[in-house]
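In this note's numbering, the protein residues as written are 151 to 515.
Beta carbons: idealized from backbone N, C-alpha and C, even for Gly.
Predicted model, so just to flag it, every value in this text is computed and none were measured.
Inspection log for the structure reproduced underneath, given as structure tokens.
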Amino acid sequence: MLGKVSSCAVDGLEASLVGVEVDVASGLPLFAVVGLPDAAVKESRDRVRAAIKNAGFSFPVKKITINLAPADLKKEGSAFDLPMAVGILAAEGLVPDDPASPIRRTLIVGELSLDGAIRPVRGALPMAAAAKRRGFTAMVLPLENAEEAAVVEEVAVYGASTLPQVIEWLNGRQAIEPTRVNVEELLGRCSRHAEDFSDVKGQEQAKRALEIAAAGGHHVLMMGPPGSGKTMLARRVPTILPGMEFDEAIQTTTIHSVAGMLRASGQGRGGEGDGGRSLIATRPFRAPHHTISDAGMVGGGQTPRPGEVSLAHHGVLFLDELPEFRRNVLEVLRQPLEDGTVTISRAAAAVTYPARFMLVAAMNP
Numbered sequence: 151m152l153g154k155v156s157s158c159a160v161d162g163l164e165a166s167l168v169g170v171e172v173d174v175a176s177g178l179p180l181f182a183v184v185g186l187p188d189a190a191v192k193e194s195r196d197r198v199r200a201a202i203k204n205a206g207f208s209f210p211v212k213k214i215t216i217n218l219a220p221a222d223l224k225k226e227g228s229a230f231d232l233p234m235a236v237g238i239l240a241a242e243g244l245v246p247d248d249p250a251s252p253i254r255r256t257l258i259v260g261e262l263s264l265d266g267a268i269r270p271v272r273g274a275l276p277m278a279a280a281a282k283r284r285g286f287t288a289m290v291l292p293l294e295n296a297e298e299a300a301v302v303e304e305v306a307v308y309g310a311s312t313l314p315q316v317i318e319w320l321n322g323r324q325a326i327e328p329t330r331v332n333v334e335e336l337l338g339r340c341s342r343h344a345e346d347f348s349d350v351k352g353q354e355q356a357k358r359a360l361e362i363a364a365a366g367g368h369h370v371l372m373m374g375p376p377g378s379g380k381t382m383l384a385r386r387v388p389t390i391l392p393g394m395e396f397d398e399a400i401q402t403t404t405i406h407s408v409a410g411m412l413r414a415s416g417q418g419r420g421g422e423g424d425g426g427r428s429l430i431a432t433r434p435f436r437a438p439h440h441t442i443s444d445a446g447m448v449g450g451g452q453t454p455r456p457g458e459v460s461l462a463h464h465g466v467l468f469l470d471e472l473p474e475f476r477r478n479v480l481e482v483l484r485q486p487l488e489d490g491t492v493t494i495s496r497a498a499a500a501v502t503y504p505a506r507f508m509l510v511a512a513m514n515p
């Protein structure tokens with residue numbers, strides 16, 4: 151028996167459609183995944199097997215072959231767990247696969263835990279945008295990612311928490327309410343600052359310089375003794391920048407979603423996330439430590455990920471103790487500052503990320 155499920159793979163800031171084809175045939179028990187899977191995708195075999203059993207379904211003791219098409223596109227991450235499990239159950243006849251079935255027009259992504267619960271994934275926003283482009287009418291994904299994906303209109307987003315819930319919905323035996331968001335209300339709710347430029351008393355010369363820089367989009371270098379308020383002033387610069395437009399918020403949110411930053415709890419300095427929000431509507435403020443590498447600054451890794459310059463897109467990149475940064479780290483800032491983009495080239499792929507930010511630096515005399 152053959153089961154087919156549609157899923158998605160994130161490549162840079164874009165998402166590509168991936169067909170999960172599952173063949174369950176007689177023969178010696180085997181579970182093979184083909185189609186350029188990385189280690190995380192290969193490990194999904196054990197997660198899927200345990201999730202199906204612990205969710206109350208019978209796992210077929212047969213020869214199972216899963217093809218992730220197109221086969222020449224590298225697949226990575228754990229978002230294929232749920233479509234694999236649904237595909238196996240569809241091949242066993244537990245999910246209808248006729249033209250009228252919702253499985254034909256639904257995009258499915260999600261990571262599975264061993265008890266059948268669905269865990270959040272990164273890149274839900276670009277995946278929802280890809281579903282809209284490819285004409286899908288519905289998308290099933292983890293409940294934690296539902297509000298993030300629901301920002302994309304014209305696609306019904308269904309957040310699920312367990313594998314049985316998805317199977318029951320596909321069979322029409324259980325209803326899942328689609329997640330809806332009011333974009334204007336969400337923008338207003340997510341655009342509040344915890345700090346404000348008006349908090350600063352005194353420092354008239356420094357405040358005047360920052361106001362001029364914010365108005366003209368200039369970069370700033372502040373020099374002063376320790377404790378004079380350089381970091382305090384820098385952290386409040388985003389509050390006097392113009393409010394983000396919806397398109398800017400979508401682009402910034404997409405970058406943080408691909409980097410896996412939306413699920414982090416609490417917004418802090420440097421490498422911390424942005425509070426688990428589904429939409430980033432405030433200007434980002436990134437303050438990396440001076441020990442950061444050049445790959446951490448502009449992005450990198452075997453599979454290129456956004457760096458600090460991209461996470462600060464449409465916002466502020468703050469370099470405290472500027473002379474303490476290594477020279478090669480400061481040198482790699484030249485091209486992003488000039489072009490507003492950064493291209494990361496690796497043997498496997500070359501990815502271009504946006505990187506248009508306001509640079510604020512501070513140093514002691």
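Between the C-alpha atoms of residue i and residue j, what's the straight-line distance to the nearest angstrom?
| i | j | result |
| --- | --- | --- |
| G377 | E354 | 16 Å |
| K213 | A182 | 8 Å |
| P375 | T381 | 11 Å |
| G477 | M513 | For the sequence presented, residue 477 should be read as Arg rather than Gly. Computed Cα separation, rounded: 15 Å. |
| A414 | E294 | Caution is warranted here: a pLDDT of 44 is assigned to A414, below 50, making its placement in the model unreliable, and no coordinate value can be reported. |
| A409 | P252 | 31 Å |
| V211 | P179 | 5 Å |
| G420 | P388 | With a pLDDT of 40 at G420, under the threshold of 50, the modelled position of this residue cannot be trusted; read the value that follows with caution. Each residue's alpha carbon lies about 15 Å from the other. |
| L167 | A499 | 18 Å |
What residues match up with residue i in a beta bridge as DSSP calls it?
| i | result |
| --- | --- |
| D161 | E164 |
| K225 | P187 |
| N217 | E171 and V184 |
| M513 | M373 |
| K154 | E171 |
| A280 | According to DSSP, which records beta bridges pairwise, A280 is partnered with nothing at all. |
| T312 | A267 |
| L467 | R436 and L509 |
Verify whether the separation of the beta carbon atoms of residue i and residue j is less than 8 Å.
| i | j | result |
| --- | --- | --- |
| V271 | G260 | yes |
| K225 | G185 | yes |
| P438 | G446 | yes |
| G273 | V160 | yes |
| P322 | I238 | Residue identity differs from the one stated: residue 322 is Gly in this sequence, not Pro. Against a cut-off of 8 Å, the Cβ pair of I238 and G322 comes out as no contact. |
| A325 | V305 | no |
| V479 | S443 | yes |
| V466 | V510 | yes |
| R269 | P233 | no |
Residue i CB to nearest chain D CB: under 8 Å?
| i | result |
| --- | --- |
| P292 | Chain labels in this structure do not include chain D; a single protein chain is all it has. |
Which residue from the options puts its Cα closest to that of residue i?
| i | options | result |
| --- | --- | --- |
| N204 | G162, T403, H343 and S263 | S263 |
| R284 | F181, G169, A229 and L469 | G169 |
| M151 | L167, L163, E171 and C158 | E171 |
| T493 | A274, H464, T453 and A159 | T453 |
| L472 | A364, H463 and M373 | M373 |
| F209 | D248, G266 and T256 | G266 |
| V174 | N332, A235 and E164 | A235 |
| E298 | I317, F207 and V331 | V331 |
| A431 | G379, Q401, H368 and G410 | Q401 |
| S407 | D349, L313, P276 and S228 | P276 |
Quick check on DSSP: helix, strand or coil for residue i?
| i | result |
| --- | --- |
| S443 | coil |
| Y503 | strand |
| G425 | In this prediction, G425 scores a pLDDT of 41, lower than 50, which makes its location untrustworthy; the coordinate-derived value is nonetheless stated afterwards. Coil at G425, not helix or strand. |
| R269 | strand |
| P473 | helix |
| G449 | strand |
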